[in-house]
Amino acid sequence: MANALVFEVLQRRFGFSSFRSQLQEDATTAIVSGEHDVFVSMPTGAGKSLCYMLPAVMASGITVVISPLIALMQDQLAHLKTLGIQAAAFNSRTPAAERRTIEAELQMDKPALRLLYLTPEMANSPIFVSRLTSLAKRGLLAHLVVDEAHCVSQWGHDFRPDYRRLGTLRQHLGSAVPCIALTATATPQVQEDIIKSLKLQTPPALFCASCFRPNLVYSVRFKDMLPDALADLARLASASLGTQGNDGLFAGSGIIYCRKRELCTSVAEELTDKGLKAKAYHAGLKASERTTVQTEWMAGITPIIVATISFGMGVDKANVRFVAHWNIAKSMAAYYQESGRAGRDGKMATCCLYYSRRDRDQVNFLLMQDIRKSQTRKGKVTAQEKATMLGFEALVGYCEDVGYDEESTDTHIDADVAKRKDQKEWKDFFQKQMNIRKEKKVKISVPRGERHLLLSYYMQSITSKFLYSDITLLGLNFYHLVLPAMTSRYHCFFL
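Written out as structure tokens, the structure is:
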């Protein structure tokens, strides 16, 4: 339970009357106490950043935050600036004058700086290892925070070698400096690897939540089976954005992920041609152009951003009503993290993956090509490459699997199977309508307006699958996506 001072800081400095969840409160309180290293795994949008920002404000020294992307740092700094909290980032884009100011702060006996953001590459550089070690020896390094900690693990979906070397930095700093690791996606295997690699004190305080978010409705659509996939995407976007206010801004916003830069541009242009406001965001644009696009999207001026997967990590925008993947993600965990940027305000949001076997084959080819190169160069396949391939195969399996096991779970997330009321009602209804015998084909007559609904009977259970999905089942577990059936042991035909 948080003490009175924690709640006072929460309200006065961050503007919240209460914590978002008991887990967030407990994790924050544990970090404030400084008695343990802390591992935090919470769903995207659950408020992980507050868990270290609030303790940083309360501490007397500097909290160093390791972050994987400069864009993510900029978003966090902008947020902290609005709160009046002293924070800075030291990276390759930091102007020389600002660098000198930060360096001077690190030499002070009572620095005003509360948070300093570093890339793992910068943190591991000899000069910063020396600077941080000096801070620690003077008792001025309050915390070492490793954000997006799954990047540490070879089994994680976004492994970064420089992240893994942070364990050596931790050793230099000593056990007196609490280390906090935060992530939204960590299997038990990844969690164990993070704790071991960062050399967290044993046992660290663990704060882990199920990643199930009942306000997100997941669906998968086969692009090859849609008459016009882009028109379908435009309808999804239009329906999700809601009404346009007198100020010209929409009630909602959306993110569309594409695998290639040129696809971002072409999809954004085609959506614009269909009357929607959409702009592309990718590394091929000038930094100033990317900043403008992101600023307009955050402000609601451009409601739809079409981006490569580098966009969105750490971006906290509450009213994202849909996240669409125009191409298959690289793994189940990556898809969860990317789609989890929807519905952060707790309201209903849509997550849709547009799947095609061509996309699948292209990604599979690239992954296998990397594996073959690795075998030639190193004589073996690395753990990271194995994990990447397994993660991709898992996502393909969910997209193409025509079977459905109501109690099935996945090692990525502790599945919550309790919230199935709507789905059970659907199953009960259709089982009453049909008399199915094994090895028999079944013809089902449905109203013309509902022909997008395809029923597949498999292993004595009904699975609802959608071709042109206007019907959704609320409360579905993430790993039990509503999937379109390509083939089935039992076939259902529409009259």
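Just so you know, our numbering puts -2 at position 4 of the sequence shown, and the rest follows in order with no gaps. All C-beta atoms in this analysis are idealised placements derived from N, C-alpha and C, irrespective of residue type, glycine included.
A direct Cα-to-Cα measurement between Ser350 and Asp218 gives close to 6 Å. Look at Arg93 here: in three-state DSSP terms it is helix.
Under the three-state reduction of DSSP, Thr179 is assigned to coil, being neither helix nor strand. Here Val59 is bridged, per DSSP, to Tyr111 and Val139. Non-local beta-carbon contacts of Glu29 in its own chain, meaning distances under 7 Å to residues more than five positions away in sequence, are absent. In this structure, the beta-carbon distance from Ala274 to Ala301 falls below 9 Å. In this chain, the alpha helix (DSSP H) harbouring Lys367 covers Arg351 to Lys372. Looking at Ser15, Pro37, Phe10 and Phe8, the one whose alpha-carbon comes closest to that of Ala327 is Pro37. Each residue's CA atom was taken as its position, placing Asp69 and Gln5 some 22 Å apart.
Taking one beta carbon from each stretch, the segment 131 to 149 and the segment 162 to 175 have 3 or more pairs nearer than 8 Å; the two touch.
Cβ neighbours of Gly41 within its own chain (closer than 7 Å, five residues either side excluded): Arg14 and Gln18.
Assignment of beta-bridge partners to Gly242 by DSSP yields no partner.
When secondary structure is reduced to three states using DSSP, Gly248 falls in the strand class.
Per DSSP, the beta bridge partners of Phe216 are Tyr349. Where Phe201 is concerned, the enclosing beta strand (DSSP E) starts and stops at Ala199 to Cys202. For Lys273, the enclosing beta strand (DSSP E) covers residues Ala272 to Tyr275. Between Arg315 and Thr296, the CB-CB gap reaches or exceeds 9 Å. In this structure the segment 81 to 95 lies against the segment 52 to 68, because at least three pairs of beta carbons, one per stretch, are closer than 8 Å. Apart from the 5 residues on each side of it in sequence, Ala50 sits with its Cβ closer than 7 Å to the Cβ of Thr57, Arg108, Leu109, Ala136 and His137 in its chain, given in chain order. Ala277 and Asn(-3) have their C-alpha atoms roughly 45 Å apart. Nearest C-alpha to Pro105 among Leu74, Ser119, Ser54 and Glu115: Ser54. Its chain contains Thr296 and Pro297 as the residues whose beta carbon lies nearer than 6 Å to that of Lys271, once the 5 sequence neighbours on both sides are disregarded; these appear in chain order.
In the DSSP assignment, His73 falls within the alpha helix (DSSP H) that extends over Ile64 to Thr76. A Cβ-Cβ distance of about 4 Å is found for the pair Pro198 and Asp31, placing them in contact under the 8 Å criterion.
Just so you know, the alpha carbons of Gly337 and Ser247 end up roughly 10 Å apart. The beta carbon of Ser27 sits closer than 6 Å to none of the beta carbons in its chain outside the five residues before and after it.
Distance between Leu100 and Lys131, taken at the CA atoms: about 12 Å.
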